[in-house]
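Student: For reference, the structure I am asking about is given below.
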Amino acid sequence: MAARTSFHKPTTHDWSQILPQHVTAEARAALQAQSHRTVSAVVPGKMFMRHWIVAEQSTVSVVNRVISGMIAVFTMIWAAGYATLGYNGHNSAHTAGWFFIAYWLVLHTHMMWLAPMMLGLALLQLALN
Numbered sequence: 011m012a013a014r015t016s017f018h019k020p021t022t023h024d025w026s027q028i029l030p031q032h033v034t035a036e037a038r039a040a041l042q043a044q045s046h047r048t049v050s051a052v053v054p055g056k057m058f059m060r061h062w063i064v065a066e067q068s069t070v071s072v073v074n075r076v077i078s079g080m081i082a083v084f085t086m087i088w089a090a091g092y093a094t095l096g097y098n099g100h101n102s103a104h105t106a107g108w109f110f111i112a113y114w115l116v117l118h119t120h121m122m123w124l125a126p127m128m129l130g131l132a133l134l135q136l137a138l139n
């Protein structure tokens, strides 16, 4: 059953006859159980999976883009400050580029083991400069 509401009184539609084959009681119970299952740890209760996946992916995408933009701006500011310490532009841009790549790779690939590896590479870069 589906309840629809709009600018008129709520209406109820019975969609049980649209399937060409007869649905057994066990299959109907399994279907009902699926509509009430927990979709994720964040969204419990009744939720349509197709809507949740789209919402989650678009949210993660927007958040990743915003964080990437912030990281880009902060590394530019950081590189400008780094350049005022007496390092030339090549060293500053190089180091800021490494920092951006490190953050970006970890953020977009979700491979957390890259974080300490990139941090080690950044420290090595600073030590060698």
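The opening position of the sequence shown corresponds to residue 11 in my numbering, with each subsequent residue numbered one higher. Note that CB positions come from ideal geometry on N, CA and C, so glycine has one too.
Please report the residue range of the beta strand (DSSP E) in which T21 lies.
Tutor: Segment 21-23, the beta strand (DSSP E) holding T21.
Student: Cβ atoms of T69 and Y113: under 9 Å apart, would you say?
Tutor: In this structure, T69 does not lie closer than 9 Å to Y113 by Cβ.
Student: Applying the criterion that 16 or more other CB atoms from any shown protein chain within 10 Å of the CB defines a buried residue, is A40 buried or exposed?
Tutor: It counts as exposed.
Student: What are the start and end residues of the alpha helix (DSSP H) that includes G130?
Tutor: From DSSP, the alpha helix (DSSP H) with G130 extends over 124-138.
Student: Ordered along the chain, which non-local residues of its own chain (more than five positions away) have a Cβ less than 8 Å from that of V116?
Tutor: Within the same chain, V116 has close Cβ partners M122, L124, A125, M128.
Student: Taking only the alpha-carbon atoms, compute the straight-line gap between H120 and A37 and give it to the nearest angstrom.
Tutor: Roughly 38 Å between the two C-alpha positions.
Student: Tell me the rounded alpha-carbon separation between M11 and A65.
Tutor: For M11, the pLDDT reaches just 49, beneath the cut-off of 50, and the residue's location in the model is therefore unreliable, leaving the point undetermined.
Student: Would you identify the three-state DSSP class for V83, choosing helix, strand or coil?
Tutor: Looking at V83 - three-state DSSP - the assignment turns out to be helix.
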